[in-house]
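Whatever position you read off the sequence shown (first residue = 1), add 861 for my numbering.
Glycine residues also receive a C-beta, built at the ideal position from the N, C-alpha and C atoms.
These notes are about the structure you will find just below.
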Amino acid sequence: MKKGKALRAGDTIGLVATSSPATEEVLVKAVDAIMEMGFKVKVGAACYETYGGYLAGTPGQRASELNAMFADDEVDGIMCMRGGYGSPQILPLLDYDLIAQNPKLFVGYSDITALHTAFGQLAQLATLHGPMATSDIAQGLDDWSRQYLLRAMTRPEPLGPIVNPPGEDILCLVEGQAYGPIVGGNLSLVAALMGTPYQLDTRGKILFLEDIDEEPYRIDRMLTQLALGGLFDDCAGIVIGTWTSCEPKKREGFSVWDVCQNIIVPYGKPTIWNVQIGHGSCNMALPFGVEATLDATAGVLALEESLTV
862 MKKGKALRAG DTIGLVATSS PATEEVLVKA VDAIMEMGFK VKVGAACYET YGGYLAGTPG
922 QRASELNAMF ADDEVDGIMC MRGGYGSPQI LPLLDYDLIA QNPKLFVGYS DITALHTAFG
982 QLAQLATLHG PMATSDIAQG LDDWSRQYLL RAMTRPEPLG PIVNPPGEDI LCLVEGQAYG
1042 PIVGGNLSLV AALMGTPYQL DTRGKILFLE DIDEEPYRID RMLTQLALGG LFDDCAGIVI
1102 GTWTSCEPKK REGFSVWDVC QNIIVPYGKP TIWNVQIGHG SCNMALPFGV EATLDATAGV
1162 LALEESLTV
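Okay, structure coming up:
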């Protein structure tokens, strides 16, 4: 996998709007907060745009901005402004050869799952599933998430074991060990890419999944879609993150835990539950595309390879 460089104090982070818009007030707070972390910030023009009410600029504007940030020698790393909706629209418009020739640290999660997948498979770029500018950093990261984010962005060494904050236990759903690169992200986006040229390839990989605001029956439907598409057959192991506001709302019945027991556990792949990564109050940064070891029996996921150089 190609890797971006580890960031140092004074390096420039390019801020891109790949999905939904944010208010200028929150954008200013985000820029100030990133500068307080020791970095310079170059804000893309689409970060100030709104298109159709739920998109930050047209697909062409957002794709051009992202291509330009990879091509810009002044930009050392790239962070997404926020998720929401829209990143799958720009996948056909991105220059994957350009991205592969200019590898940079790329950070985001949620809707950004589509970009993580495309970058990993079409540009062979290792990326970082982690907090974003306006939706997280501007709101004030908790100390645990901030520590993981800065460590992943600035240290050219393996992260080692991912350790939950106190009071949050990692549970074993299926015992066993697995080894391979981590892929995945937001379940809704992984499901949305099924049957497209950008469908997630899980062969020999550790699959990470999380989501927000989805009732168990909807999670059941999406996990079933992944199952029918062979993603659980192909993967080496499974890491289950946070499921924020995913309780039953319209009817009593299965919880997300129950759904995972029914659909994921029967595959017998080493699986852990409740890693604090996703849309929860804690969102630890997780490198994608680099080698990791999953010891599900012990409840430990460890990064064995560095994300950056």
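Under DSSP, Gln1038 shares a beta bridge with Asp1156. For a cut-off of 8 Å, the C-beta gap from Leu1092 to Leu1068 is around 7 Å, short enough to register as a contact.
Counting C-beta pairs closer than 8 Å gives fewer than three between the region 1117-1125 and the region 969-989, which falls short of the contact rule. Shown here for Ser1116: same chain residues with a beta carbon closer than 8 Å to its own, the five before and five after excluded, namely Pro1077, Glu1108 and Pro1109 in chain order. Annotation: the continuous beta strand (DSSP E) that includes Ala1163 extends over Val1161 to Leu1164.
When DSSP states are grouped into helix, strand and coil, Asp1003 belongs to the coil group.
Beta bridge pairing from DSSP links Glu1071 with Asn1047. Around the beta carbon of Ser1106, fewer than 16 other beta carbons sit within 10 angstroms, so the residue counts as exposed.
Residue range Leu1147 to Phe1149 is occupied by the beta strand (DSSP E) that includes Phe1149. Ala870 counts as exposed, since fewer than 16 other beta carbons sit within 10 angstroms of its beta carbon. Only residues of its own chain outside the window of five on either side were considered, and among them Ser880, Ser881 and Asp972 have a CB closer than 6 Å to the CB of Gly945, listed in chain order. In the DSSP assignment, Cys1121 falls within the unbroken alpha helix (DSSP H) covering Val1117 to Ile1124. Sorting Phe980, Ile874, Met942 and Asp1004 by C-alpha distance to the C-alpha of Pro1026 places Asp1004 at the top.
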